[in-house]
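S.K.: In this text, residue positions in the sequence shown follow the numbering used here: the first is 201, and each later residue adds one.
All C-beta atoms, glycine included, are put in the ideal place defined by N, C-alpha and C.
Note that the structure is predicted; figures quoted are calculated from it, not measured.
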Amino acid sequence: MVERWDVVIIGGGVTGCAIARELSRYRLKIALVEAAEDVAMGASRANSAIVHAGYDAEPGTLMAELNVKGNAMYDEWCGQLHVPLQRIGSLVIGFNEEDKLEIEKLYQRGLKNGVPDMRIISGDEARAMEPRLNEKVICALHAGTGAITCPYEMTIACAENARQNGVQFIMNAPVRAIKPEADGFLIRAGESDLRARYVINAAGVYADDVSRLIGDHSYSVFPRKGEYMLLDKSAGGFKKVIFQTPSKLGKGVLVSPTVDGNAFAGPTAVDIQDKADNQVTDEGIAQLTGLSRKSVPSINLRAVITSFAGVRAQPSTGDFIIRPSEKHAHFIHAAGICSPGLTSAPAIAQRVADLLAGQGLELPENPEFDPVRLPIPAFRHMSNEERIQAIKANPAYGRIICRCETITEAEIVEAIHRGARSLDGVKRRTRAGMGRCQGGFCGPRVMELLSRELKVPMERLTKFGGGSNLLVGKLKEDK
């Protein structure tokens, strides 16, 4: 017996999970299928974490409209989901007259897009806001609504909230076939078959591959790799998101603080062939080194604690693809979601709900919908009195597992109970392993907790699912 669903969402990135959360407002039977072992495994775990103001996209595009709408929705969404958001503002800096002309274009474009709180300032004004800026900066565009968040926390929070409101998540389930039927679709996802009245294609860089499963070849998605360098908290102290003037490949290399107190430089922008290529390269690091120092000559790159890369989904259309398929009106594309996709996610989710209604899906309100998702209580953020009470209630709060980030056993166990199945799954939910030692101390202890809570042998544990096993066997058998 094949289970039937009102809506099946393909893809567990921030777009798919935001759509799942939005649709859980209604009395619908919804499933989200994801090829990987967890949500936030693609671009949503490796991007710049910027909530863009909205001056960059061409006026009249979906990117422009949904960026500005999404930015305005972030305070409510992050408040309800308890996701960090810091509206620190952003600077696009200029070094010469050519840059100054480009900044003026961005300002005028922002006005057309309806971006509030923008102004062009002098180099001295910019350095008053961000003292570490290069002395050669002569002007900047300041956008007060620019912000920073955490992309994987937003994705996980949306997924948890959707789940608590009835959405079912089916992991390790790559979509292999979709067969249109008279009343919807038959979907083969991993080893499961599902029937759906409506399908949402939010498969990120693989959205065009999913589209072709129903014979829709109307667009392509091209992978563009961006590499980053993450700095230790000791090298932080930045006050603003710092962009250089953009190019045809994107918004350029930026220097920014993170909501956790680190800083980073990135991303590069290299068009690649392999959609799974997230390898860091010597060429990328060299480019990041030179361009980040152009913005901030004093940036301490000796404090880099890790480098990583993400792959962005570049649409052949030059704009977000959010519409019904030309082949089947009940198949809704949410594809080609490159930057500013993270910012736009709440607005994309609302637009998809409107499209479903426009295609005949009734959306009765879910009277039990709860928009609030509570986070895992973080020991590192507690006062001493709160820590004492937490340990009294749960002694596992008294056992520190990750020394760099002060993460306790209680937090890691809760993360596992919420869905973490790998070392990286725990890391994204708790920050265990994100500190200076990058898991060198806490990794084995996290593995022990994963093995204990999941009741699986250590040899079956992975770093991020798939074939990323952490152990291959024992040196000798236990007696």
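1. Under DSSP, the alpha helix (DSSP H) around HIS528 begins and ends at which residues?
2. Starting from the Cα of ALA396, find the closest Cα among ARG618, ILE616, GLU203 and give me that residue.
3. Who are the near neighbours of LYS627 in its chain, counting only those whose CB is closer than 7 angstroms to its CB and skipping five residues on each side?
4. Between the beta-carbon of ALA706 and the beta-carbon of LEU223, is there less than 9 angstroms?
5. Using 9 angstroms as the threshold, is the C-beta distance between PHE579 and THR261 below it?
6. Which residues mark the beginning and the end of the alpha helix (DSSP H) in which TYR352 is found?
7. Looking at C-alpha atoms only, which residue of GLY216, LEU430, ASN584 is the closest neighbour of ILE370?
8. According to DSSP, simplified to helix, strand and coil, what is THR506?
9. So LEU301 and ASP256 are in contact, right, with Cβ under 8 angstroms, and what is the actual spacing, rounded?
10. Going along the chain, which residues of its own chain have a beta-carbon closer than 7 angstroms to the beta-carbon of SER244, five neighbours each way excluded?
11. Under 8 angstroms by Cβ, that's how I've got ILE219 and VAL480 pegged, so tell me the actual separation to the nearest angstrom.
12. If we ignore side chains and look at the alpha-carbon of each, how far apart do LYS433 and TRP205 end up?
13. Can you list, in chain order, the residues of its chain whose CB lies under 6 angstroms from that of GLU609, leaving out five sequence neighbours each side?
14. Check this for me: beta carbons of ASP238 and ASN365, under 9 angstroms apart or not?
15. Taking C-beta to C-beta, are PRO575 and VAL459 nearer than 9 angstroms?
16. Using the beta-carbon count (16 or more within 10 Å), is GLU234 buried or exposed?
17. Comparing alpha-carbon positions, which option in PRO467, ALA236, ALA403 lies nearest ALA249?
18. Kindly indicate which residue of GLY310, GLN308, MET263, LYS229 has the alpha-carbon position closest to the one of PRO546.
19. Would you tell me roughly how many angstroms separate the C-alpha atoms of VAL315 and ARG652, rounded to the nearest one?
20. Just to confirm the assignment, what range does the alpha helix (DSSP H) spanning LYS592 have?
21. May I have the straight-line CA-CA distance separating TYR398 from SER492, to the nearest angstrom?
22. Below 7 angstroms CB to CB, which residues in the same chain sit around PRO564 once its five sequence neighbours on both sides are set aside?
23. Once DSSP output is grouped into helix, strand and coil, what is the label at GLY323?
M.R.: Working from what's here:
1. HIS528: not part of any alpha helix (DSSP H); DSSP gives it neither H nor E.
2. Of ARG618, ILE616, GLU203, the residue nearest in Cα terms is GLU203.
3. GLY633, MET634.
4. The question about residue 706 has no answer here: the residues shown for the chain are numbered 201 through 679.
5. No; because the gap between Cβ atoms is not below 9 angstroms, this pair is not in contact.
6. Element bounds for TYR352: 351-364.
7. Out of GLY216, LEU430, ASN584, GLY216 has the C-alpha closest to the C-alpha of ILE370.
8. DSSP places THR506 in the strand class (E or B) of the three-state scheme.
9. So it is not a contact: roughly 16 angstroms between Cβ atoms.
10. Within the same chain, Cβ atoms closer than 7 angstroms to the Cβ of SER244 are found at GLY213, VAL214, PRO351, TYR352, THR355, the five residues on either side in sequence being excluded.
11. Incorrect: roughly 31 angstroms between the Cβ atoms, too far for contact.
12. LYS433 and TRP205 have their alpha carbons spaced roughly 46 angstroms apart.
13. Around GLU609: ALA596, ARG599, ILE601.
14. No. Outside cutoff.
15. Contact check for PRO575 against VAL459 fails: the beta carbons are separated by 9 angstroms or more.
16. GLU234 comes out buried.
17. Taking each of PRO467, ALA236, ALA403 in turn and checking the Cα distance to ALA249, the smallest one comes out for PRO467.
18. Residue MET263 is the option with its Cα nearest to PRO546.
19. Counting only the Cα atoms, ARG652 lies some 50 angstroms from VAL315.
20. According to the DSSP assignment, LYS592 belongs to the alpha helix (DSSP H) that extends over 584-593.
21. The alpha-carbon atoms of TYR398 and SER492 are separated by roughly 45 angstroms.
22. The beta carbon of PRO564 sits closer than 7 angstroms to the beta carbons of TYR226, ARG227 from its chain, once the five residues preceding and following it are set aside; these are given in chain order.
23. Note: GLY323 maps to helix in three-state DSSP.
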